[in-house]
Amino acid sequence: MNLSDKVKGVLLNLYIKFFNHEKVQQSLHYSIQLSKQNLGCITNTPAPYKEITTNISTEQSTSERDDIVFITSRFRSGSTVLWNIFRNIDGCTSYYEPFNERRWFDKNTRGNHVDSTHIGVNDYSKEYDELDYLDKYYNEDWIRESLFMDAKTWAPNMKSYICELIKKANGRPILQFNRIDFRLPWLKHHFPNAKFIHLYRHPRDQWLSFLTDKKLMNKDYVEHNYIDGFYLNTWCNDLAKHFPFLDQRTTPHPYQRFYYIWKLSYLYGIKGCNQSLNLEQLTLEPKSTLQKLFSELSIDNKSLAKAASVIQKPSLNKWKQYADNEWFEKLEQECEQNLNSFLM
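When you read off a place in the sequence shown, starting at 1, and then add 184, the result is the number in my numbering.
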């Protein structure tokens, strides 16, 4: 053992000893208990003095608009297709992934790269032009921290950022997110009159789209040589404190961690959204699917043909080229058993 390893070992032992100390444990326990205290069911009412007035802020009136549409979906689920549909509807401003680290509002950071799989898309950012001032609200940590937010989570800058996008929209604001599926309680609390649309995709095909090198990360070796291309490890690291089975030490197989997040996202989506639709349905039956969606959002069917024209039919069931049904089923069933126990 070299000197560096010895120093690391000593520091680790001191760290463990520190956190095992009785007073430290008591302090941590007390802090946790404080954070869990119920503040009671109070609401803000006017003060009983005429000099103190309660004016509705511009931000509050913005957040209470009833024409806002939020789209929630996972990465590689076809969300770009749905975003592009609204981008081609007159009277809508469709924002692409507002939390993305490329910072679409900043011409110096966003770049020009477009994913080659996003057919019919030449850019993601024109809706953000002239919105560089959003930098004062934006926080890149939104892509990796507090990925779960309940209704009472304190995030004023996030709300201000979203409200500014809504205010600057030319016509109806459509906001397509890949990072709000576990934040729906917060969004529904702060934007109570908005419509929420949930898009999902068959998890096995989505998994295949997740893999940046399918030959390297084949079914026999993916557990050992998985390379994270779409934030799976980031999400698991943050959400494991809420869903402990996402911890890589507990669930080493990447497909199972992927499946857990896919299923949890699906459950939150169907519970918290006005309408859920799957990519397969959208691409195989575009007109009937869009008719239902437009009806939910009170959009005139005159936009139907133009909206449907951007949809490209994908190759379905490509997962069969990766592994047989038994391989997937074995991993998924173990996940389902654990979810049944955890969510009882």
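All C-beta atoms, glycine included, are put in the ideal place defined by N, C-alpha and C.
My assumption, with CB atoms under 8 Å, is that residue i sits in contact with residue j. Please give the rounded CB distance.
i, j, result
"L349", "P282", "6 Å"
"W446", "R258", "6 Å"
"L430", "R441", "6 Å"
"D160", "K502", "Residue 160 falls outside the range modelled here, since the chain spans only 185 to 528, and no answer is possible."
"K398", "Y506", "7 Å"
"R356", "V494", "That belief does not hold up - the Cβ atoms of R356 and V494 are roughly 18 Å apart, past 8 Å."
"L477", "R385", "About 16 Å; that fails the 8 Å criterion."
Return the chain-ordered list of same chain residues with a C-beta closer than 6 Å to the C-beta of residue i, the five sequence neighbours on each side being excluded.
i, result
"W267", "S278, Y280 and Q360"
"A353", "T277"
"I303", "Q496"
"H437", "E407"
"C471", "Contrary to the premise, residue 471 reads as Lys rather than Cys in this sequence. Contacts found: A492."
"T396", "G413"
Within 10 angstroms of its Cβ, does residue i collect 16 or more other Cβ (buried), or is it exposed?
i, result
"F380", "buried"
"Y233", "exposed"
"H426", "exposed"
"H205", "exposed"
"V265", "buried"
"Y308", "buried"
"C519", "buried"
"L500", "exposed"
"A491", "buried"
"T473", "buried"
"G193", "exposed"
"T435", "buried"
By Cβ distance below 7 Å, which residues in the same chain neighbour residue i in space, the five residues on each side in sequence not counted?
i, result
"S151", "Limits of the chain in this structure are 185 at one end and 528 at the other, which puts residue 151 out of reach."
"V305", "T264, N268 and V298"
"F270", "C276, S278 and I358"
"R287", "T293, R294 and Y322"
Ordered along the chain, which non-local residues of its own chain (more than five positions away) have a Cβ less than 8 Å from that of residue i?
i, result
"Q475", "N485 and L488"
"E243", "K343, S344 and C347"
"F512", "R388, Y439 and W503"
"Y452", "D365, F366 and L368"
Measuring CA to CA, which of the options is closest to residue i?
i, options, result
"K343", "N421, E314, E311 and R367", "R367"
"T418", "A339, W338, Q432 and P357", "Q432"
"N323", "P340, T237 and G453", "P340"
"N458", "L318, V191, P376 and T242", "P376"
"I346", "I454, R249, M528 and W391", "R249"
"L318", "K351, Q244 and R328", "K351"
"K514", "G193, L463, Y439 and D316", "Y439"
"S247", "P387, F202, H373 and K207", "H373"
"I483", "N272, Q209, T227 and E235", "N272"
"E480", "K490, Y321 and S460", "S460"
"S245", "A378, F526, Y443 and E464", "A378"
Below 7 Å, is the gap between the Cβ of residue i and the nearest heavy atom of the ligand MG?
i, result
"N509", "Among the components modelled here there is no ligand, and therefore nothing to report on the ligand MG."
**Prompt:** For the region 405-414 against the region 331-344, are there 3 or more C-beta pairs whose distance is under 8 Å?
**Reply:** no
**Request:** Would you check if there are 3 or more beta carbon pairs closer than 8 Å linking the region 285-292 to the region 304-317?
**Result:** yes
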